[in-house]
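Written below as structure tokens is the structure these notes are about.
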Amino acid sequence: MSNSRSESNNPKHNYDDDDDNDYDDKYKKFTDPTEAAKHTFQNVDRILGSASSTSKTRNSHHYGTLQISGEGDDVHPIQDSTAVGTNEKEPGKKSNIQQGKKVITSGWGYVKEFFYSLMFSLIYVTSDTKKRCTSFLVGLITIAIVVFVVSILYNSILKANLIFLKLSEDNVGDADIMFTPKFTNSTTIPFINHTEIAKKLNGNPFIVGTSPRWILFANLQNRDHPHKNLSGILLIVDTEREERLGIGRIWPYRPLGEGEMHVRDSILRAIDIVPDRGKRVNMVVDFASLASAFSGTDESISQGVTPDQQTINQTELLRTLFEASGFNFSQTFNVNITQVANQLGIQIPPPLKPFINAFGIITITGEQAFQAIATTLGGGNFSDLNLKVEGEYTVVSSINSNYAKYPGALGNIMMIDSAYVGKVIGQSLFRSPAIQLLLELSGDTERIKNFFNTFPIEQYALTAVGRFKDRFPAYLKSSNERTDQMIQITNGMMDSLGVSYPVSYTLPLLSALSATQFISLFIDQIFIGVVVMLAILGVVLIFALLLSNVEEKTYEYGMLRALGLRQYSLIQVILAQSMYFAIPAIIIAMILAFLVNILVEYILQVVISTPELNLLFFWGAVVVPIALGLGIPIVANIIPIRHAMSRTLRDSLDIAHQTFNETTVKMIKLEELGLEPWQTGVAIMLVIIGFVVYYMIPYAFIFTDLPLFFFILNAILLGMLLGLCVIAVVIQPFFERLVLNVILCGHERRLKTLISKNLAGHRKRSRKTFLMFTLSVAFIIFAGVVFSLQSANIRANVESFLGADVVVMSTTSYYSLPKDKLDAVIALQNQNQSSGPPIVGYAYQSNTLNTFQYMNDVRFSSLAYYPSRKVAVSAVDSNFLSVVKNQYFLYTYVDTEFNYNMTNGKPDVFQSLYSNAGQALVDGEKVGFAPSRIFSGVKLSLPSNASLSFDPASQYRQYLDIIASEAMRPSVGIGIKTPVDLRFFSRNKKTSTTSQVDYIGKTRCLAYKIPGFFMSSYELTAAGSPVLITMDSYKKVAAQVAKSVGGTYDGVINYSKLFVKLKDDISTTQLQDTVNALQASVNSDFTNIQNVKDLVGSTGTATLVLMAFFNIVAAIAIILCFFMLAVSFTANVKDNSWEFGVLRSVGLSVNALIRAYIYEALCLVVSAFISGTVIGCVIALTLTAQFNLFLEMPFQFDFPYYLFISMLVMALLCAIFGSYIPARNLRKKEIALVLRGAD
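Quick note: the sequence shown uses full-length UniProt numbering, first residue 1, plus one each step.
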């Protein structure tokens, strides 16, 4: 030992041992603790406080190659080892033990002590990392994965609104604000003076600029084949101005010149025109279209004014145009009109003849001449006006998508530039002989023509669109913050325009984004759940890693403590070990996240056309990941530190100690018993739950804080998930035995006893692995199943609400769908398709009888008229069920007295309303029998000639066959065999006459779901629920109601919906052409066309994207679980090395041992996978069943099979490689070395 001591006193000596030919370090025996410490930490060049590192003659201390100046009596992490185990002392100076504990009184002393301890920790951890690089790499990769994923996810969550913004722009266009004329009593013809608006908003800090637009109906004809024509929407825009402002920023087509046009591809196919070939087309706009464009707003229509009544008088339109051109209405003209008429080759209009004298001279004022010409042209309304605006254009490009330039609902679009419209209008007006005569009378023909050639059309805009400054940051904000921002912007704009300025504005993008709020919140909660899950997995993995290191280095820590290392220094060593891989991992992860963010920003710029690459992270995407990266190892260190501190020196230095075989006896004094930590934790948790339930949830409802509500709901679900995963640990042994019996077969069954004992012996350590696998699988399966089920529910609700593949809806009760025109269009579409008719069937729904002009109210009740409920009575066609999505026709009762045709397994009660009309019998009723009149015996105060209007026979024979809501059964107390009273209250607004008409109703079916209608079985929805009748019944009731108040009914039914069923294999082109043809047949101002296939298709795309995301998250979780499994089995191999050496010595092969480890891992992983799958499915099904309880949709289980299979494959590979890699080291060791405990 003297040689060793002499070497230890040499500060330049390096210790090198050949571990390959020696026993394990923990089996070496040394009489000198310093020598033992030096051998234990053989890669540390200097041990603080030892003779080799402390110079007695200089006031400096060395830490390896680092030299720190200081006092000779400074306190170090390891106290002077010459006072322990040696007798070498400096004469005249006491040892540390003799001096007693060093008392530090100065702050500088504390700083130096901390600094020395920190340097020792870093040197020790550096040395330990060189020996145990695997643990370092596991910790580094774990923290890096968690920090990287959280950073990217957090940044993506905050940018998710850009995706929804893009979807909204594709739907309504990318204009942030839209101005429309404000109708007032003083504005007969409502135009927007865009020139004035642009001037007022110039320099406004909130808006980049505005651009005028006009939307009109037009007909486009093939010039060479005029019979090939199609109607559509004419969109007049300032193409250069909008390109400069960035409106339609992804619009791929160039600005237009004079005589040029962009046309929708479906129109070009219909009229047989090839774009970009110089082909010419004729565009025709009649003044009836202008009447529609200049008619009242929705507000005026809702007040009971029809579009025909709102049509603007032609006199006012012509007056506006001529006033702008400079026509003098007060001037008196003396013109030889006979000569002028002969020159123009026209007849003198009759209204002008009273102003002509015998010599053919007319003396008339400009106003009189204008009124006479206007009367000649039509007599009052645009619908009668024969003027047309016509122009010939060259088709430049075929539009195949709206590219967020305009609302997609416009359908068939023709686009021209506004700069050349004035000339076309002037040329069209001057073709009219009457207008030519008026111009000749005024004598200002050339000046007026020049005015139209330079017509300032911007001053007569129908609408204007605008674009905000810094729009993307505003749309990235949360819903409430975004609304506040828009209020600030619009307030600033109205400050510039003036509050009373005659324009109204809407924010189409804000409204469209509001519709995506729920799915946005749902995705946000999924991301938050992923972050929480990864954080939990990271904590468990780092905890297991550090705990394994502490258990492995029990002897080392005991040796350090024997040498005088203080407890806080040992804690610092353990913390430094975790920070040693956490800090580099955070740096690497943030760099990778920054690089990936560049790619994400580039993709967003390409797809969404963001103005510039935003390479900066949101502050939360930096702070939260770094906090997790530092917090995970700190939290994971709590139990390992307590474990290291709880060891006595005797236990720590026991080289034969094995943790899995230890028996712990804990003695606690009664006075110190108190509450267990878990009891305190449960109490705190219950308090938090109570606070959330009684304060936070009501707060979220009262203030409609949906993000908070969804966060609470998500937290509850995650808590349930985690709780069930913890409970599943209890049944871990059962699943392991079950899986073991299944996977072992043949000769492998001889390993069953060995594997069973290993499973039992390693259970304390394997519980953490089981928990990680169960939590990962449960969360991924839960999220996947929930999203699959919710996607299916969303799809089902969209289909059920709309009712059919394509639905044409009137947005106001005063506009009826043009049935004849729509029938013709459908017939034409079916004839023109060579691949077969795209439309399989269609059915109409009438407006509700409540909107009939003589109807005041409709009540539904029992025959006693108590209780009564207000209802909406509509009529449907007989083929309704065969056209709509009949899988959503759900009923409780049908009249079993009839034989029904079956449609997709459902009784066609709608057809039965027609085929079995008037044949229903209620309880007690017989054919040809009607109940007699019943009097109460009470004398009625009626005139002597009065008679009761109730005729039982006619009432029972002329009843209404109806389909009612199931909600009426508990609400009103009716059934299939119970007659009901339908009371129609009528009112003639002109004469103020009121009356009521009663009809007995016989219910054919009670349903709680009918496609295209809102129905429910809950009594709360009874008021206002729909009642369906036949078209004939509709006419009968309408005629009777009109008659009751002295009115007449013309027999015309106003239609509110058209349901269209398409063939299953319809192509995208056919679908687009069909929808656009239907759109062109109706007034776009008062109709809305919904294409269910497109809506459902977007849901399917979102499902695929999120499933890909879940697969990525699953792969990350499995990687973390693989590390956990590898750490666990590495510790198991080390703990069982001696036992397996004995097994090998008695003849068990190494391959059999490795297979035993693999089988053990498979039992653990497969049992965890089964538990996680069951837990995830149970919670997902519970949540979906709760939603279906309110939605009353048919339950369907949409399991994510691809996600499940991919996770299963990854889990099995993880089990095999995670156990094989640690176990393969058994191949390299000799049996003798294993039995001796050597590495």
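Think of the CB as a built atom: it goes at the ideal place given N, C-alpha and C, for glycine as much as any other residue.
All values derive from a computational prediction rather than experimental measurement.
Across the set Arg-1227, Pro-1222, Ile-536, the C-alpha of Pro-1222 shows the shortest separation from the C-alpha of Thr-134. Counting of Cβ neighbours within 10 angstroms places Leu-1162 among the buried residues, the total reaching 16 or more. Per the coordinates, the alpha-carbon of Ala-1023 lies some 5 Å from the alpha-carbon of Arg-869.
In the DSSP assignment, Asn-901 forms no beta bridge with any residue.
Per DSSP, the beta bridge partners of Asp-981 are Ser-861, Ile-1000. Ile-519 and Val-1105 have their alpha carbons spaced roughly 14 Å apart.
Taking the Cα positions, Val-531 is about 14 Å away from Val-622. For Leu-630, the uninterrupted alpha helix (DSSP H) run begins and ends at 619 to 636, by DSSP. Setting aside the 5 residues that flank it on each side, Lys-200 is surrounded in the same chain by Ser-496, Leu-497, each with a C-beta closer than 6 Å to its C-beta; the list follows chain order.
Around the beta-carbon of Ser-1167, 16 or more other beta-carbon atoms lie within 10 Å, marking it buried.
Non-local beta-carbon contacts of Phe-787 in its own chain, meaning distances under 6 Å to residues more than five positions away in sequence, involve Leu-1106 in chain order. If you draw a straight line from the Cα of Arg-749 to the Cα of Ser-1128, it is about 24 Å long. Taking C-beta separations shorter than 6 Å and ignoring five residues to either side along the sequence, the partners of Asn-161 in its chain run Tyr-475, Leu-476, following chain order. The C-beta of Ile-271 has 16 or more other C-beta atoms within 10 Å across all chains shown, which makes the residue buried. Sequence-distant Cβ neighbours of Val-125 in its own chain, meaning closer than 8 Å and more than five residues away, are Val-573, Ala-576, Gln-577, Tyr-580.
For Ala-920, no alpha helix (DSSP H) segment is defined, and its DSSP state is neither H nor E. Of the residues Pro-970, Leu-1028, Thr-753, Thr-851, the one whose Cα lies closest to the Cα of Phe-880 is Leu-1028. Less than 8 Å divides the Cβ of Val-149 from the Cβ of Ile-1116.
A distance below 8 Å separates the beta carbons of Tyr-460 and Phe-191.
The continuous beta strand (DSSP E) containing Ala-464 extends over residues 463 to 468. The beta-bridge partner set that DSSP reports for Met-855 consists of Ser-986.
Per DSSP, reduced to three states, the secondary structure at Ile-145 is helical. For Ser-965, the uninterrupted beta strand (DSSP E) segment begins and ends at 960 to 965. In the assembly as shown, Glu-392 is an exposed residue. Its beta-carbon has fewer than 16 other beta-carbons within 10 Å. The C-beta distance from Phe-333 to Ala-372 rounds to 12 Å, too long to meet the 8 Å contact threshold. The DSSP-derived three-state label of Lys-669 is coil.
If you ignore the 5 residues before and after Thr-848, its C-beta comes within less than 7 Å of the C-beta of Ala-872, Val-873, Ser-874, all in its own chain and listed in chain order.
For the options Lys-1035, Ser-1033, Ile-1010, the alpha carbon positioned closest to that of Ser-1025 is the one of Ile-1010. The alpha-carbon separation between Met-968 and Asn-714 amounts to approximately 36 Å.
Residue environment: Gly-1001 is assigned as buried (16 or more neighbouring CB atoms within 10 Å of its CB, all protein chains considered).
The Cβ neighbour count for Trp-251, taken over all protein chains shown within 10 Å, is at least 16; the residue is labelled buried. Taking all protein chains shown into account, Arg-1227 has fewer than 16 neighbouring C-beta atoms within 10 Å of its C-beta and is therefore exposed. Just so you know, the alpha carbons of Asn-282 and Val-876 end up roughly 40 Å apart. At a Cβ-Cβ threshold of 8 Å, Ile-236 and Ile-416 count as neighbours. Excluding the 5 residues flanking it on each side, Asn-1091 has same chain C-beta neighbours closer than 6 Å at Val-806, Val-1075, in chain order. Counting of Cβ neighbours within 10 angstroms places Ala-864 among the exposed residues, the total staying below 16.
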